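J.: Input: one structure, supplied below.
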Amino acid sequence: MKRTGTLFLLALLVLSLVLAGCGGKKAKKGNRDVVVAAISEPDSVDVHRTSSMGDSNSALYEPLMKFDEDGNIVGN
17 MKRTGTLFLL ALLVLSLVLA GCGGKKAKKG NRDVVVAAIS EPDSVDVHRT
67 SSMGDSNSAL YEPLMKFDED GNIVGN
């Protein structure tokens, strides 16, 4: 009795997870903007002198220069 109850609840859980993945609206096509907010400016652009994890992440993952469409180096 206890085993069948557990199997029934497990099957019900799996069914609800499958059905939850089937619903929802279709995503709109086209350009969408991603907006990211920073709490404050980093203390330093030197990764070794930053005072918090957020500062070091922005220093590591936000380059100071990048290439434009023509292959020229431009400031970020």
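Whatever position you read off the sequence shown (first residue = 1), add 16 for our numbering. Idealized CB from N, CA, C, for every residue including glycine. All values reported here derive from a predicted model rather than from experimental measurement.
What number of angstroms, rounded off, separates the C-alpha of Leu28 from the C-alpha of Ser60?
T.: Approximately 54 Å between the Cα atoms of the pair.
J.: Just to confirm my understanding: we take Phe83, look at its own chain, exclude 5 residues before and 5 after, and list those with CB closer than 7 Å. What are they?
T.: Contacts found: Ile89.
J.: Kindly indicate which three-state DSSP category Lys82 falls into: helix, strand or coil?
T.: Here Lys82 sits in strand by DSSP.
J.: Take Asn92 as the anchor and find which of Met81, Gly37 and Lys41 has the nearest alpha-carbon.
T.: Answer by Cα proximity: Met81.
J.: Using the C-alpha atoms, what's the distance from Leu33 back to Gly39?
T.: Looking at the two C-alpha atoms, the distance is approximately 11 Å.
J.: Please report the distance separating the alpha-carbon of Phe24 from that of Thr66.
T.: Roughly 54 Å separates the two Cα atoms.
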